[in-house]
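Here the sequence shown is numbered in numbering that gives the first Met the number 0, starting from 0 and rising by one per residue. We treat Cβ as the ideally placed atom computed from N, Cα and C, and that holds for glycine. Values in this document were obtained by computation on a predicted structure and should not be read as measured data. Remarks on the structure that follows.
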Amino acid sequence: MERAEVCVRDGKLVGVVEKGIYGGRYIAFRGIPYAKPPIGELRFKDPVPPEPWSGSRDASKYGNVAVQINVDKKSQIIGDEDCLFLNVFTTDIKSSEKRPVMVWIHGGGFFFGSGDSSFYSPDYIVEKDVLLITLNYRLGVLGFLNLYNEVATGNQGLKDVILALQWVQKNISEFGGDSENVTIFGESAGGAIVHYLTLSPLSEGLFHKAISQSGTITCPWAFTDPESCSTNKGFLLAKKLGKMTEDPKDVYEFLKMIDAKKLVETEKFLATEEERRQFLLIFTPTLDHESSNPVFSEDLMTFIHRGVKVPYLLGFTSCEGSYLLKSNDYGCISKESLSQVDSDFKLGIYPRVLAILPKIPITLYQLRSLYFGDKNISEESVANYINLLSDIFFFRGIMQTADIQMNNDNSGKTYLYQFSYESETSLMKKILNIDFPGVSHGEELCYLFYPDIIKELGLSVPAPDSEDYKMISRLTQMWTDFAKTGNPTPAITDLTPIKWTPLKPAGDVYDYLDIDVKPRMKTFRKGEQRWEWKNT
Numbered sequence: 000m001e002r003a004e005v006c007v008r009d010g011k012l013v014g015v016v017e018k019g020i021y022g023g024r025y026i027a028f029r030g031i032p033y034a035k036p037p038i039g040e041l042r043f044k045d046p047v048p049p050e051p052w053s054g055s056r057d058a059s060k061y062g063n064v065a066v067q068i069n070v071d072k073k074s075q076i077i078g079d080e081d082c083l084f085l086n087v088f089t090t091d092i093k094s095s096e097k098r099p100v101m102v103w104i105h106g107g108g109f110f111f112g113s114g115d116s117s118f119y120s121p122d123y124i125v126e127k128d129v130l131l132i133t134l135n136y137r138l139g140v141l142g143f144l145n146l147y148n149e150v151a152t153g154n155q156g157l158k159d160v161i162l163a164l165q166w167v168q169k170n171i172s173e174f175g176g177d178s179e180n181v182t183i184f185g186e187s188a189g190g191a192i193v194h195y196l197t198l199s200p201l202s203e204g205l206f207h208k209a210i211s212q213s214g215t216i217t218c219p220w221a222f223t224d225p226e227s228c229s230t231n232k233g234f235l236l237a238k239k240l241g242k243m244t245e246d247p248k249d250v251y252e253f254l255k256m257i258d259a260k261k262l263v264e265t266e267k268f269l270a271t272e273e274e275r276r277q278f279l280l281i282f283t284p285t286l287d288h289e290s291s292n293p294v295f296s297e298d299l300m301t302f303i304h305r306g307v308k309v310p311y312l313l314g315f316t317s318c319e320g321s322y323l324l325k326s327n328d329y330g331c332i333s334k335e336s337l338s339q340v341d342s343d344f345k346l347g348i349y350p351r352v353l354a355i356l357p358k359i360p361i362t363l364y365q366l367r368s369l370y371f372g373d374k375n376i377s378e379e380s381v382a383n384y385i386n387l388l389s390d391i392f393f394f395r396g397i398m399q400t401a402d403i404q405m406n407n408d409n410s411g412k413t414y415l416y417q418f419s420y421e422s423e424t425s426l427m428k429k430i431l432n433i434d435f436p437g438v439s440h441g442e443e444l445c446y447l448f449y450p451d452i453i454k455e456l457g458l459s460v461p462a463p464d465s466e467d468y469k470m471i472s473r474l475t476q477m478w479t480d481f482a483k484t485g486n487p488t489p490a491i492t493d494l495t496p497i498k499w500t501p502l503k504p505a506g507d508v509y510d511y512l513d514i515d516v517k518p519r520m521k522t523f524r525k526g527e528q529r530w531e532w533k534n535t
């Protein structure tokens, strides 16, 4: 096997040359430590830079994934606390010109996922003359425990990503990358992390463009307000493990000594049945004002309204909510569960989620009428329920972010999209076993990355003469053109036959690119959209 060597600040790395899935070759440097293992006294603490090593370090294999529930086998806990690794992919480390750098931040609800090849092989993107980096960050309680005390201030996972970006600034030129042209991009929780980093002073200057796919801070699952929780989940976790105390320092000392897999295994039992029905996440980003180095230097709304100053691309799929009801990750919702949701609505329980969203303009009764008319929430009206979930958890929040960008004089150019390409051979639908029409949450990912997991399922990549292959080419072209230039369609070509125009400042319409077999510019008119919840 052909090898390649690079010397970074911490020592020598020996990577490996790989064959791309559609031919061609790329060089992979995997499992590079960007921080010390966050174990022992560093558990629940901000990450610190790694120790240098002597000699050559094998960089042919991925590092450990973060400790997490295996979403395929819910009873299995996988991963390791020593998980802070990144991976670098390029077709040429000796290029005469420095290449644009794209840093991928994986999703997974802040509690599962990794930057490895199971979903995020680099084969498609690196063919477009950019350098791709994927990474791991701490998840669940290990990445987001906040006891609102200096012993555990939260947002450890966000700070992991920031340290990885600092590593990129110091080292990426050794791989032929341009440290002055870095784009961060992510999907779902990864998209929300991208949005956080565009606003936080901690990450200023570490990147130059940003892409948030199906996730921003303003989505209700992306942030936990302590006032919305009756009990701090960290204290509740300690209690479940046998420690009853009101002292955050006692909780910290206790949780620090528990086996990491035991913590994560117990974490999944912290959500109430009501919280599970409402898809509320247990450990997420939070205000971290107790930190000496906070991600949030202001209160949340001030923070959000600062606006993204770099060129920004954001959007969603056409039917986000089907992932929550009709996929392997969450399980297909049962008749009984739908009946319980119907009962929740009638009892007024659903505002628990809605309370997270600002300025709800209608009553719960009016909201129910808007989506269901006089129908019950049942198997017959599941499409209506999916629309409601799409709007609550994705569309409203992402469009709020778009609105902030349009009304902020200092914002960078912002490009909005809807991914509407529905394919009968969609790999993500097959992987997640989604059986509902429309384009589900995460479905665009298989057109950006080659998912290695398809081998296990006996599936194959799209044929070069297929519409799916054309979508791979189109999406990677637009995303990498944006990374290179700040404009996703700098030239009109067969792949990008239409000019993608940015949002206009303070207008009455949102211009967006509808990404489909034939991409087209369309508009959402303010005051006419389902998710605006007008009482008509």
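Unbroken stretches of the alpha helix (DSSP H), 4 residues or longer, contained in the stretch 213-295: 232-239, 247-256, 259-266 and 272-276
Where F110 sits in the DSSP three-state scheme: coil
Continuous alpha helix (DSSP H) stretch holding L366: start and end: L363 to F371
Selection from K11, R8, F28 and G10 that minimises the alpha carbon distance to S17: Note that residue 17 is Glu in the sequence shown, not Ser. Measuring from the Cα of E17, the nearest candidate turns out to be F28.
Sequence-distant residues of the same chain with beta carbon closer than 7 Å to G396, five excluded per side: T215, T217, C218 and P219
Candidates R24, D224 and P501, of which the one nearest D122 by Cα: R24
Own chain, CB closer than 8 Å to L431, minus 5 neighbours either side, in chain order: Y322, S326, N327, D328, S439 and G441
Residues near L551 by beta carbon distance below 8 Å, same chain, minus five either side: For the chain, the structure presents residues 0 to 535; residue 551 sits outside this window and is missing.
Alpha-carbon spacing of L280 relative to A259, whole angstroms: 19 Å
E289 and N148 closer than 9 Å at C-beta: yes
Environment of W478 [buried if 16+ CB atoms lie within 10 Å]: buried
Nearest to R56 (by Cα), restricted to the options G78, A3, S94 and R98: A3
Local Cβ density within 10 Å of I391, reported as buried at 16 or more and exposed below that: buried
Rounded separation between T89 and L198 - CA only: 29 Å
CA-to-CA distance, A237 to M256, given in whole angstroms: 11 Å
Local Cβ density within 10 Å of N409, reported as buried at 16 or more and exposed below that: exposed
Opposing strand residues paired with N86 [DSSP bridges]: T133
Alpha-carbon spacing of I77 relative to G30, whole angstroms: 17 Å
heavy atom of the ligand GTP below 8 Å from T495 C-beta: Of ligands this structure carries none, so the ligand GTP is not represented either.
Status (buried if at least 16 other CB within 10 Å, exposed otherwise) for D71: exposed
Cβ-Cβ separation, V7 to N170 (assumed contact under 8 Å), whole Å: 4 Å
Per-residue DSSP class, three states only, for P99: strand
Anticipated Cβ contact below 8 Å, T265 with L240, distance rounded: 6 Å
Simplified DSSP assignment, three categories, for Y588: Residue numbering for the chain in the displayed model covers 0 to 535; residue 588 lies beyond these limits and cannot be assessed.
A191 - DSSP class collapsed to helix/strand/coil: helix
Helix, strand or coil at V5 [DSSP, three-state]: strand
CB contact flag (Y449, I68, <9 Å): no
Three-state secondary structure assigned by DSSP to Y311: strand
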